[in-house]
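Enquirer:
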Amino acid sequence: MESIKKCDVGGKKVIVRVDFNVPIEDGKIVDDTRIISSLKTINYLLENGAKIILLSHLGRVKSKEDKEKYSLEIVAKHLSSLVNAPVYFVPQTRGDILEKTVENLEDREIVLVENTRFEDYPKSLESSCDETLSKYWASLGDIYVFDAFATAHRCHASTYGISKYLKSYAGFLVENEVNMLKKAIYQRKTMILGGSKVEDKIGVIDNLINTCDKILLGGAMCFTFLKAKGYSIGKNAIAEDKIEYAKSLLETQSSKIILPIDFISENGVIELENITDNDILMDIGPKTIERYKEVIFESNLVLWNGPLGKYEDDKYENGTKSLMKYIYNQSIVTILAGGDIVACSKKFKINFKFISTGGGATLEYLEGKRFKTLDRLNG
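Written out as structure tokens, the structure is:
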């Protein structure tokens, strides 16, 4: 994977696929993290005299109403407040206005093209990596830079298609994500897994088990493992079709898998052996927190995916919050992977250095999957 630093961008028209898929409520951007994350690449290109053409999607576009709802115009206005350069917005994905705007770009100027997924209605041209659309977008520039890791697992026209026709490089966000996740895959570590779905974690567990010293389980997914060991898990749901997988893993990796020994229920703290069929378990309990801290204390690296309780409710945030604060205060290198655990760090205002922006792409990368989009970034 070649970095944009390997290329002379001065005076060149550089197409950058960014991820500006930001949450918008009542006409306002409520979280601009993804825009901020793109600034290192954008500012580097500005400083080195490039003409910048930005492509991004926003939401899913399946109807005319979606086109009215998901315009990137508001993002262009916000971006212009963050960079020291003119930012032009083109309210179309192709056509004369776009072509003339690009043709008239001066060095150190930016154009943001309308939502690439507008091409998905009515014919899914973006998502199907339509050849004609890919060639058209590629014709607008001299160089392609991919800097939207969250879309790396998708072969769309704006992510993969353009790279077939232009020299293609990785932006700084993508470089950082890949380097960070390679560390998570290959280095010895403690892995914390929470969240609700066992099926979402199986690929990650299977791919990383050999480089994990311990795997600490929590969240709703741990109930399937506890059930596999014969414990009552109250009224909490389990993945019946994953019981055999959980049994097998617990038998072959019993020294690595660590399960909660107490919980916070709707009626207070309850120990594992005392759970009744009427209990609803909402968070890991105080003894589990202390046990997990002892394991984490011995760790040089922590990879964390998924919260350990119903963190959205302040009554059940303590398990996730306490461990997160402990890890941060111990200065243990930690990689947060997945949208929910990143949301926890934001809620608790704990600013870890390594936070993956990838969501589903991050999980697939941790499962060991290869991404064609990244393979194209070879200059």
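Heads up: the sequence shown is residues 11 to 389, going by the numbering used here. Virtual Cβ for every residue (Gly too), placed ideally from N, Cα, C. Being a predicted model, the structure only gives us computed values, none of them experimental.
#1: Count Cβ pairs between the region 168-180 and the region 148-158 that sit closer than 8 angstroms; are there 3 or more?
#2: Does the beta-carbon of F307 have 16 or more other beta-carbons within 10 angstroms, so that it is buried, or is it exposed?
#3: Ignore the nearest five residues each way along the sequence and tell me which others in K245's own chain have a CB closer than 6 angstroms to its CB.
#4: If distances are taken between C-alpha atoms only, which option among L122, D140, G213 comes closest to Y255?
#5: Per DSSP, what are the beta-bridge partners of S8 in this structure?
#6: Which same chain residues end up closer than 7 angstroms to H166 when comparing Cβ atoms and leaving out the 5 residues on each side of it in sequence?
#7: Output the distance between the C-alpha atoms of C173 and R164, rounded to the nearest integer angstrom.
#8: Leaving aside the five residues before and after E12 along the sequence, list all residues of the same chain whose C-beta is less than 7 angstroms from its C-beta, in chain order.
#9: Residues in its own chain within less than 8 angstroms of K16 by CB, not counting five upstream and five downstream?
#10: Less than 8 angstroms between the C-beta atoms of F381 and A162, yes or no?
#11: Is the distance from the Cβ of L92 to the Cβ of L122 below 8 angstroms?
#12: Do you know how far the Cα of L64 is from the Cα of K22?
#13: Just to confirm, is the Cβ distance from W314 to T286 under 8 angstroms?
#14: To the nearest angstrom, how far is the alpha carbon of T383 from that of G171?
#15: Let me check you understand the geometry: is the CB of N186 closer than 7 angstroms to at least one non-hydrogen atom of the ligand GTP?
#16: DSSP three-state label for S366, please.
#17: Between the Cα of V32 and the Cα atoms of G69, S168, L55, D323, which residue gives the shortest distance?
#18: In the DSSP assignment, what residue or residues form a beta bridge with T344?
#19: Which class does K303 belong to by DSSP, given the choice of helix, strand or coil?
#20: What are the partner residues of C449, as DSSP defines its beta bridges?
#21: Return the chain-ordered list of same chain residues with a C-beta closer than 7 angstroms to the C-beta of A238, the five sequence neighbours on each side being excluded.
#22: Decide yes or no for the touch test of the region 201-212 against the region 222-238: beta carbon pairs closer than 8 angstroms, at least 3 of them.
#23: Of all the options T103, S134, L226, which has the alpha carbon lying nearest to the alpha carbon of E300?
#24: For D272, which residues does DSSP report across the bridge?
#25: Based on the DSSP output, what are the partners of F99 in its beta bridges?
#26: Return the residue from the list E276, L82, C222, D36 that minimises the CA-CA distance to I267.
#27: Between G378 and N217, how many whole angstroms is the CB-CB distance? I'm expecting something under 8 angstroms.
#28: By Cβ distance below 7 angstroms, which residues in the same chain neighbour I351 in space, the five residues on each side in sequence not counted?
#29: Looking only at its own chain, which residues have a Cβ that is under 8 angstroms from the Cβ of I46, when we skip the five neighbours before and after it?
#30: Quick check: the Cα distance between E109 and N328, rounded to an integer number of angstroms?
#31: Based on Cα-Cα distance, which residue from R27, K357, K325 lies nearest to T169?
#32: Would you say T200 lies against chain B (beta-carbon separation less than 8 angstroms)?
#33: What span of residues does the alpha helix (DSSP H) with Y154 cover, start to end?
#34: Would you report the Cα separation of F358 and D324, rounded to the nearest angstrom?
#35: Could you check which residue in T111, T103, L183, F182 has the C-alpha nearest to that of S144?
#36: Can you check whether the CB of L55 is closer than 8 angstroms to the CB of V19?
Expert: Answer, in terms of the structure:
#1: yes
#2: The residue given as residue 307 occupies position 297 in the sequence shown. It counts as exposed.
#3: Position 235 of the sequence shown, counting from 1, holds the residue named residue 245. Once the five neighbours on either side are set aside, the close Cβ partners of K245 are I290.
#4: Here residue 255 corresponds to residue number 245 of the sequence shown, with the count starting at 1. For the set L122, D140, G213, the Cα lying nearest the Cα of Y255 is the one of G213.
#5: Residue 8 falls outside the range modelled here, since the chain spans only 11 to 389, and no answer is possible.
#6: Within the sequence shown, residue 166 is the residue found at index 156, counting from 1. A distance below 7 angstroms between beta-carbons, with the five flanking residues on each side excluded, links H166 to the following residues of its chain, in chain order: E136, S137, C139.
#7: For the purposes of this step, residue 173 is identified with residue 163 of the sequence shown, where counting begins at 1. For the purposes of this step, residue 164 is identified with residue 154 of the sequence shown, where counting begins at 1. Per the sequence shown, the amino acid found at residue 173 is Ser instead of Cys. The straight-line gap from Cα to Cα measures roughly 13 angstroms.
#8: For the purposes of this step, residue 12 is taken as residue 2 along the sequence shown, with counting starting at 1. Only Y179, A180, L387, N388, G389 meet the Cβ criterion.
#9: The count along the sequence shown starts at 1 and reaches residue 16 at position 6. So the list reads Y179, G389, once near-sequence residues are dropped.
#10: The sequence position of residue 381 within the sequence shown is 371, counting from 1. The sequence position of residue 162 within the sequence shown is 152, counting from 1. Yes, the Cβ-Cβ distance between F381 and A162 is below 8 angstroms.
#11: Reading the sequence shown from its first residue, position 82 is the one you call residue 92. Reading the sequence shown from its first residue, position 112 is the one you call residue 122. Not in contact: L92 and L122 (Cβ atoms no closer than 8 angstroms).
#12: On the sequence shown, residue 22 is found 12 positions in, with the first residue counted as 1. On the sequence shown, residue 64 is found 54 positions in, with the first residue counted as 1. Between the alpha carbons of K22 and L64 lies a distance of about 14 angstroms.
#13: By one-based count along the sequence shown, residue 314 stands at place 304. By one-based count along the sequence shown, residue 286 stands at place 276. Not in contact: W314 and T286 (Cβ atoms no closer than 8 angstroms).
#14: Within the sequence shown, residue 383 is the residue found at index 373, counting from 1. Within the sequence shown, residue 171 is the residue found at index 161, counting from 1. Using only the alpha carbons, I get a separation of about 9 angstroms.
#15: Questions concerning the ligand GTP fall outside what the structure shown contains, since it holds no ligand whatsoever.
#16: Looking up residue 366 in the sequence shown gives position 356. DSSP places S366 in coil when its eight states are reduced to three.
#17: For the purposes of this step, residue 32 is taken as the residue at position 22 of the sequence shown. Measuring from the Cα of V32, the nearest candidate turns out to be G69.
#18: Indexing the sequence shown from 1 puts residue 344 at position 334. Paired residue(s): V312.
#19: Taking the sequence shown and counting its residues from 1, the one referred to as residue 303 is at position 293. K303: helix per DSSP, three-state reduction.
#20: With the chain covering 11 to 389 only, the question about residue 449 has no answer from this structure.
#21: Within the sequence shown, residue 238 is the residue found at index 228, counting from 1. For A238, where only same-chain residues beyond five positions count, the Cβ hits under 7 angstroms are I253, A256, K257, L260.
#22: yes
#23: Residue numbering aside, residue 300 sits at position 290 when the sequence shown is read from its first letter. Considering only alpha carbons, the answer is L226.
#24: Numbered from its first residue, the sequence shown carries residue 272 at position 262. Paired residues: E281.
#25: By one-based count along the sequence shown, residue 99 stands at place 89. DSSP output for F99 lists L122 as bridge partner(s).
#26: On the sequence shown, position 257 is the one that residue 267 refers to. Ranking the options by Cα distance to I267, first place goes to C222.
#27: As a first step, residue 378 must be located in the sequence shown, where it is residue number 368. As a first step, residue 217 must be located in the sequence shown, where it is residue number 207. Right, the Cβ-Cβ distance comes to about 4 angstroms (below 8 angstroms), so this counts as a contact.
#28: In the sequence shown, the residue the question calls residue 351 occupies position 341. These residues qualify, in order along the chain: W314, N315, G316, P317.
#29: By one-based count along the sequence shown, residue 46 stands at place 36. These residues qualify, in order along the chain: L92.
#30: What you label residue 109 is simply residue 99 of the sequence shown in a count that begins at 1. What you label residue 328 is simply residue 318 of the sequence shown in a count that begins at 1. Rounded to the nearest angstrom, the two C-alpha atoms are 54 angstroms apart.
#31: For this step, residue 169 is matched to residue 159 along the sequence shown. Nearest option by C-alpha distance: R27.
#32: As a matter of chain content, chain B is missing from the structure shown, which is built from one protein chain.
#33: On the sequence shown, position 144 is the one that residue 154 refers to. No alpha helix (DSSP H) contains Y154, which is instead part of the beta strand (DSSP E) from 153-156.
#34: Counting from 1 along the sequence shown, the entry for residue 358 is found at position 348. Counting from 1 along the sequence shown, the entry for residue 324 is found at position 314. Near 11 angstroms, if we compare the C-alpha coordinates of D324 and F358.
#35: By one-based count along the sequence shown, residue 144 stands at place 134. Of T111, T103, L183, F182, the residue nearest in Cα terms is T103.
#36: Translated into the one-based positions of the sequence shown, residue 19 becomes position 9. Translated into the one-based positions of the sequence shown, residue 55 becomes position 45. Yes, these two residues count as a Cβ contact at 8 angstroms.
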